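A short worksheet on the structure shown next.
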Amino acid sequence: MMKKLCLILLFPLTGIFNAQTHKVPQSTKDAFKGYWMYKAQYFTNSVVIDFEPGKDFATFKDIGTGEAPPRTLQALVKGNLLIIPAKQHQNDYIELEVIKGKLHLRVKQVTWDNQGNIINNNKLEEKTVFKRRTQRD
Numbered sequence: 001m002m003k004k005l006c007l008i009l010l011f012p013l014t015g016i017f018n019a020q021t022h023k024v025p026q027s028t029k030d031a032f033k034g035y036w037m038y039k040a041q042y043f044t045n046s047v048v049i050d051f052e053p054g055k056d057f058a059t060f061k062d063i064g065t066g067e068a069p070p071r072t073l074q075a076l077v078k079g080n081l082l083i084i085p086a087k088q089h090q091n092d093y094i095e096l097e098v099i100k101g102k103l104h105l106r107v108k109q110v111t112w113d114n115q116g117n118i119i120n121n122n123k124l125e126e127k128t129v130f131k132r133r134t135q136r137d
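Numbering (full-length UniProt numbering), first residue to last: 1 to 137.
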């Protein structure tokens, strides 16, 4: 009797845990996945976006100019955007969007208080537009 009761209680719980895993739509993967480059007069900035099988987020690798080690962050999928939430001492708030085949990266600087709470998120937004590259130049 106790075994039956345990099985009856566990069965609905497995559905709850499985329901919390969201698959990233293939159209989102196709739009964002790849090697992206921004060229300025004196430097080139590069990023790589990838999606691991079974994960509900994108991996965003900021290669930068190549002078410093690359940084890897997790980007959450929200509609047609990838969002990298602000983390104290790590990164500001970042939104990624593909518009007409170009990656638009928007950054909002975040100010933190002594308790680790965001106190000012009204700073100006910086925007950089990257072009997709099929291979690393």
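Note that CB positions come from ideal geometry on N, CA and C, so glycine has one too.
Note that the structure is predicted; figures quoted are calculated from it, not measured.
Return the first residue and the last residue of the alpha helix (DSSP H) that residue i is part of.
i, result
"residue 28", "26-32"
Using a Cβ-Cβ cutoff of less than 6 angstroms, which residues in the same chain neighbour residue i once the five nearest sequence positions on both sides are dropped?
i, result
"residue 71", "62"
"residue 111", "119, 120"
"residue 16", "Bear in mind that a pLDDT of 46 at residue 16, under 50, signals an unreliable position, so the number given afterwards is only what the model happens to contain. Within the same chain, residue 16 has no close Cβ partners at all."
Helix, strand or coil for residue i? Go by DSSP, reduced to three states.
i, result
"residue 86", "coil"
"residue 128", "strand"
"residue 120", "strand"
"residue 73", "strand"
"residue 97", "strand"
"residue 50", "strand"
"residue 35", "strand"
"residue 91", "strand"
"residue 134", "coil"
"residue 114", "coil"
With a CB to CB cut of under 7 angstroms and the five nearest residues on each side skipped, what residues in its chain are close to residue i?
i, result
"residue 91", "73, 84"
"residue 134", "none"
"residue 33", "49, 50, 51"
"residue 65", "43, 44, 45"
Start and end of the beta strand (DSSP E) containing residue i?
i, result
"residue 102", "102-108"
"residue 59", "57-64"
Would you say residue i and residue j are within 9 angstroms of each other, going by their C-beta atoms?
i, j, result
"residue 153", "residue 57", "With the chain running from 1 to 137 in the structure shown, residue 153 is simply not present."
"residue 51", "residue 24", "yes"
"residue 127", "residue 105", "yes"
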